[in-house]
Structure formats: structure tokens, C-alpha cells
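Participant:
In this note's numbering, the protein residues as written are 10 to 223.
In C-alpha cells, the structure reads:
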């Protein structure tokens, strides 16, 4: 089980911290059965949590109740200290995180947010930061390499595409028709010198190749 600490973050601009509420991670579907417990369903299986206290708390972990409200409501008749301790256990187990309550702060496609939640990272923080990609093609359209289609796909995924040498990028995506193309050795050497990661891809043909990240 992945363990993730949940910390309050202060925006880089020094503004107020967005309101965030404890909630089950998005890749988990919660169901509460009165008298039987609470169940979390995911692609990895089912997690059963027994007890009246977890039943009462689980029903409120949908991202609409902030921590102060949960402590004040005392689900299941628990004292605030008990609520806080139970939440801490769920956080330590990697089942609960803090989720943005404001529509303005809730960014990104829910499926993408669920993916990041499943990875054990703060999905809201990831979605709030736009990643940048430098797109390079080794070869030309005659080889089946179409940077335009890939650029549109990257932009559609919410990534900023950097052209040529204009500014820095988090990752270089290098398109090619042949993974054994000797020109890739030059690309690799340049990235190793600068310490920048790059992803090799052949996004066409009967079998699409993506990776590795070098």
C-alpha cells in the first residue's frame, strides 16, 4: 500500500491557500453498507473497512466537507480527536487525500485526476501546473513521422508545446520511424550533456512504440 502524507500548501504567489477537504482518492469508489462496513472499489480489488465509526466517516469523505466541518459534525458520535486519528490512518494507508472544494481550483479531467490519485501524488497540484514538452522529429513525413498530429494530441492533453529552442521544457518528445536510427545517438548525447530527460516514440504503424524515457 502506498503511503502519502497530506500537507497544506501555500500558493507560490503568496495568496490564500485554496479550501481543500479530505476525500477518498478519485480512483476509489466508496460504498457504505449500514451495519456491514464501508467498501472501496478499484482496479486493484476491494478494500473492506469494518465498524460503525468508519461507516459514518466514510459517508462524508466525498470532498464536500472540510476538516473543521468533519471535526464539528462528530460522525458516529466520535470525539474530534477520534475523527482526526481515523482520518490520519486513512491518509497513512494512501486512501484519503485533500481535494479542492472550489470549482476555480478544481482543474483537469476527472479521469486524469484519478490517474494521479492512483499514483499517490497530489492530483490537484499536478493539474494546476501545466507541463511543457519540446517536440522533435528525426526523419520526415515520408518516413511516416507527423509532428503536427502529435503536437495537437499533446495540446489536447493540456501540455504546452515548446517549438525549437524557444524556452525550456520539462521533457523532450522525439519522434522517429526507426529506433535504431543513428541520428538518435546525437539526440541522446545532447540531452545527457544538458541533463534533460527525453521520450522516444514511434506513434504510427501497426504497433505504436512509446518509450523509454532516457
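Even glycine gets a Cβ: it sits at the ideal position worked out from N, Cα and C.
Around the Cβ of residue 118, are there at least 16 other Cβ atoms within 10 angstroms (buried) or fewer (exposed)?
Facilitator: Exposed is the call here.
Participant: Give a yes or no on contact between the stretch 184-196 and the stretch 146-156, applying the rule of three or more CB pairs nearer than 8 angstroms.
Facilitator: Yes: the two stretches touch, three or more of their Cβ pairs being nearer than 8 angstroms.
Participant: Return the first residue and the last residue of the alpha helix (DSSP H) that residue 99 is part of.
Facilitator: Per DSSP, residue 99 belongs to the alpha helix (DSSP H) from 89-101.
Participant: What would DSSP say about residue 191, mapped onto helix, strand or coil?
Facilitator: Three-state result, residue 191: coil.
Participant: In the structure shown, what three-state DSSP assignment does residue 71 receive?
Facilitator: DSSP places residue 71 in strand when its eight states are reduced to three.
Participant: Can you tell me the Cβ-Cβ gap for residue 135 and residue 170, rounded? I've got them flagged as a contact below 8 angstroms.
Facilitator: Rounded, the Cβ-Cβ distance is 18 angstroms, inconsistent with contact.
Participant: Taking 6 angstroms as the limit between beta carbons, can you name the residues of its chain near residue 163, skipping five residues before and five after?
Facilitator: For residue 163, where only same-chain residues beyond five positions count, the Cβ hits under 6 angstroms are 142 and 170.
Participant: Please report how far the alpha carbon of residue 201 lies from the alpha carbon of residue 207, in whole angstroms.
Facilitator: Roughly 9 angstroms separates the two Cα atoms.
Participant: Using DSSP with H/G/I as helix, E/B as strand and the rest coil, what is residue 199?
Facilitator: Reduced to three states, the DSSP call for residue 199 is helix.
Participant: Considering only the beta carbon of each residue, do residue 104 and residue 49 sit closer than 8 angstroms?
Facilitator: Yes; because the gap between Cβ atoms is below 8 angstroms, this pair is in contact.
Participant: Taking the alpha-carbon positions, what's the residue 127 to residue 32 distance?
Facilitator: C-alpha separation (whole angstroms): 13 angstroms.
Participant: Can you check whether the CB of residue 38 is closer than 8 angstroms to the CB of residue 123?
Facilitator: Going by C-beta atoms, residue 123 is not nearer than 8 angstroms to residue 38.
Participant: Residues in its own chain within less than 8 angstroms of residue 139 by CB, not counting five upstream and five downstream?
Facilitator: Within the same chain, residue 139 has close Cβ partners 167, 168 and 169.
Participant: Name the DSSP beta bridge partners of residue 232, please?
Facilitator: Residue 232 lies beyond the stretch modelled for the chain, which goes from 10 to 223, so this question has no answer here.
Participant: Quick check for students: name the residue ranges of the alpha helix (DSSP H) that lie wholly in the stretch 106-162, counting only runs of 4 or more.
Facilitator: The stretch 106-162 contains these whole alpha helix (DSSP H) runs: 119-127 and 132-137.
Participant: Taking the Cβ atom as the reference point for each residue, do residue 64 and residue 43 lie within a distance shorter than 8 angstroms?
Facilitator: Taking 8 angstroms as the Cβ cut-off, residue 64 and residue 43 qualify as a contacting pair.
Participant: Just to confirm before moving on: does the CB-CB distance between residue 92 and residue 79 stay below 8 angstroms?
Facilitator: It is a contact, given that the beta carbons lie within the stated cut-off.
Participant: For residue 20, which three-state DSSP category applies?
Facilitator: For residue 20, the pLDDT reaches just 40, beneath the cut-off of 50, and the residue's location in the model is therefore unreliable, leaving the point undetermined.
Participant: Can you tell me whether residue 73 is buried or exposed? The criterion is at least 16 other CB atoms within 10 Å of its CB, across all chains shown.
Facilitator: So residue 73 ends up on the exposed side.
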